[in-house]
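Following: one structure in structure tokens, then a few remarks.
Number of protein chains: 2
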Amino acid sequence: MGMKFQMMQPAQITELLRRRQITPTSQRVKIAGTLFAGPAHFCAEDVYARVNEDDAEVSKATVYNTLGLFVAKGLVRQVFVEPGKVFYDSNTQPHHHFYDSGTGELTDIDAVGVALHELPPLPADTELDGVDVIVRIRQRQSKDRPA
Amino acid sequence: MGMKFQMMQPAQITELLRRRQITPTSQRVKIAGTLFAGPAHFCAEDVYARVNEDDAEVSKATVYNTLGLFVAKGLVRQVFVEPGKVFYDSNTQPHHHFYDSGTGELTDIDAVGVALHELPPLPADTELDGVDVIVRIRQRQSKDRPA
DNA sequence: GGTTAGACTTAGAACTATTCTAAGTCTATA
DNA sequence: TATAGACTTAGAATAGTTCTAAGTCTAACC
Chain A
693 MGMKFQMMQP AQITELLRRR QITPTSQRVK IAGTLFAGPA HFCAEDVYAR VNEDDAEVSK
753 ATVYNTLGLF VAKGLVRQVF VEPGKVFYDS NTQPHHHFYD SGTGELTDID AVGVALHELP
813 PLPADTELDG VDVIVRIRQR QSKDRPA
Chain B
693 MGMKFQMMQP AQITELLRRR QITPTSQRVK IAGTLFAGPA HFCAEDVYAR VNEDDAEVSK
753 ATVYNTLGLF VAKGLVRQVF VEPGKVFYDS NTQPHHHFYD SGTGELTDID AVGVALHELP
813 PLPADTELDG VDVIVRIRQR QSKDRPA
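Sequence order for the protein chains is A and B.
Heads up: the first sequence begins at 693 in our numbering, then just goes up one per residue.
Heads up: the second sequence begins at 693 in our numbering, then just goes up one per residue.
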């Protein structure tokens with residue numbers, strides 16, 4: 693814990709993928725390396741850009757396939773904040789988010805274990821899949837320092 | 693309160709729009725009539741289909757423009773649950789949502805005033821814009837009644 | 001160390017939801 | 001009733017994502 697957001701060695705990443713039953717191809721290792729090198733929030737385009745910083749080596753289709761696979765395997769989590777904008781969050785601890793639609797910035801809120809307690813019972817024959825809490829914020833228009 | 697989700701007369705809708713400083717054109721009245729005739733959750737496509745049930749009279753561009761205007765004026769609220777899927781919610785009371793990604797169904801949760809209490813302080817120079825709580829659920833795979 | 005079936009990756013086309021554009025129409029005010 | 005500006009429209013454009021079909025790699029077996 694905590695180590696995840698240091699730079700990880702390829703061997704560590706390979707191990708991490710294997711533990712989740714993911715065949716560690718070179719593309720997947722590269723993408724996981726990017727996701728876990730923090731900061732923790734990327735959209736697909738960010739991942740594509742970072743993975744190909746030097747030279748285009750991973751296709752867009754693979755980035756999407758891989759992110760989808762990682763979500764399915766529980767390695768990363770999707771956060772939906774706007775139509776046509778999905779963030780992939782490599783922090784899988786329970787936590788919530790601040791989202792500033794002006795800047796497009798997404799920030800973690802340490803889970804305080806709040807919302808779940810007082811939820812009403814789930815609808816019949818359903819089970820919990822996750823709780824997303826997004827606190828939308830905007831830059832304050834201060835009277836002292838008018839924009 | 694409560695009346696909003698009975699069928700409203702055009703005159704009432706016109707009044708509602710004027711109160712929000714929205715010029716009540718025939719298209720806007722028709723769209724508002726649809727939104728407030730409940731149930732409370734529609735995507736743009738739903739609205740477009742309902743408004744043109746008899747005969748195409750309102751263009752897609754106008755549906756989007758009008759929904760955007762209603763959001764800006766606080767008449768309806770957007771709910772983001774999946775990439776490329778925005779719901780428009782004509783219930784503007786504080787409340788949260790269940791979302792079943794299997795069925796695509798969105799259901800209201802009466803606000804219990806929970807999440808806000810224990811939030812950490814907002815980042816510097818920002819103010820609150822809203823809190824979205826989405827409880828993701830899925831159909832239960834019961835051992836008694838296997839799918 | 002080779003073979004090989006199936007899994008993975010790729011470029012580019014296709015698709016979907018949404019926004020834009022530019023021209024025509026309507027509204028509300030005088 | 002005239003008019004300026006707001007509103008609506010069809011269709012093109014865009015952005016993000018998924019699909020397709022062909023080639024490449026992986027790992028399990030010999």
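Here a beta-carbon is modelled for each residue, glycine too, at the ideal position from N, C-alpha and C.
Here the structure is a predicted model, which means the values were calculated and not measured.
Identified DSSP bridge partners for Ile829 (chain A): Per DSSP, A:Asp792 and B:Leu820.
Amino acids of chain B, ordered along the chain, whose beta-carbon sits closer than 8 angstroms to that of Glu737 (chain A): What Glu737 (chain A) touches in chain B: nothing, since even the nearest Cβ is about 13 angstroms away.
Euclidean distance between Cα positions of Ser793 (chain A) and Gly822 (chain B): Answer to the nearest angstrom: the Cα atoms are 11 angstroms apart.
Residue nearest to Arg828 (chain A) in terms of C-alpha spacing, selected from A:Pro815, A:Ile801, A:Pro812 and A:Lys752: The option with the nearest alpha carbon to Arg828 (chain A) is A:Ile801.
Segment contact flag, the region 764-777 of chain B with the region 771-782 of chain A, C-beta cutoff 8 angstroms, min 3 pairs: Contact between the region 764-777 of chain B and the region 771-782 of chain A is present, because at least three Cβ pairs lie under 8 angstroms.
Delimiting residues of the alpha helix (DSSP H) encompassing Arg710 (chain B): Counting along the chain, the unbroken alpha helix (DSSP H) around Arg710 (chain B) starts and ends at Pro702 to Arg711.
Euclidean distance between Cα positions of His787 (chain B) and Ala703 (chain A): Computed Cα separation, rounded: 46 angstroms.
Residue range of the unbroken alpha helix (DSSP H) whose run includes Ile723 (chain B): Taken as a continuous stretch (DSSP letters only), the alpha helix (DSSP H) holding Ile723 (chain B) covers Ser718 to Leu727.
7 angstroms Cβ cutoff met for Val739 (chain B) and Thr754 (chain B): The answer is no: Cβ separation not under 7 angstroms.
For Glu749 (chain A), three-class secondary structure by DSSP: Assignment of Glu749 (chain A) by DSSP, reduced to helix, strand and coil, places it in the coil class.
DSSP three-state assignment for Leu767 (chain B), whether helix, strand or coil: DSSP places Leu767 (chain B) in coil when its eight states are reduced to three.
Counted within 10 angstroms of its Cβ, other Cβ atoms place Arg720 (chain A) as buried (16 or more) or exposed: By the 10 Å Cβ count, Arg720 (chain A) comes out buried.
Residue-chain proximity (Arg769 (chain B), chain A), Cβ-Cβ < 7 angstroms: Answer no: the Cβ-Cβ gap between Arg769 (chain B) and chain A never drops below 7 angstroms.
Short Cβ contact (7 angstroms threshold) for Asn783 (chain A) with Ala732 (chain A): Between Asn783 (chain A) and Ala732 (chain A), the C-beta gap is smaller than 7 angstroms, which places the two residues in contact.
Any chain B beta carbon closer than 7 angstroms to Thr795 (chain A): So no, Thr795 (chain A) is outside the interface.
Residue from B:Asp781, B:Asp747, B:Leu767 and B:Gly760 whose Cα sits closest to the Cα of Leu708 (chain B): Of B:Asp781, B:Asp747, B:Leu767 and B:Gly760, the residue nearest in Cα terms is B:Leu767.
Neighbour list for Phe772 (chain A) in chain B, Cβ cutoff strictly below 7 angstroms: By Cβ distance, chain B contributes Phe772, Val773, Glu774 and Pro775.
Own chain partners of Tyr756 (chain A) with C-beta closer than 8 angstroms, once the 5 adjacent residues on each side are dropped: So the list reads Ala736, once near-sequence residues are dropped.
Thr818 (chain A) and Arg832 (chain B) closer than 7 angstroms at C-beta: Closer than 7 angstroms, so yes.
Below-7 angstroms beta-carbon distance, Glu819 (chain B) vs any chain A residue: The Cβ of Glu819 (chain B) sits closer than 7 angstroms to at least one Cβ of chain A.
Opposing strand residues paired with Val778 (chain B) [DSSP bridges]: DSSP, once it has assigned bridges, lists B:Phe772 as partnering Val778 (chain B).
Rounded separation between Arg769 (chain A) and Gln701 (chain A) - CA only: Straight-line Cα distance between these residues: approximately 22 angstroms.
Contact with chain A by Ile826 (chain B), beta-carbon distance below 7 angstroms: Cβ-Cβ to chain A under 7 angstroms: yes for Ile826 (chain B).
For Cys735 (chain A), the first and last residue of its enclosing beta strand (DSSP E): Segment His733 to Cys735, the beta strand (DSSP E) holding Cys735 (chain A).
Cβ-Cβ distance between Lys752 (chain A) and Ile714 (chain A) below 7 angstroms: Ile714 (chain A) is positioned such that its CB atom lies no closer than 7 angstroms to that of Lys752 (chain A).
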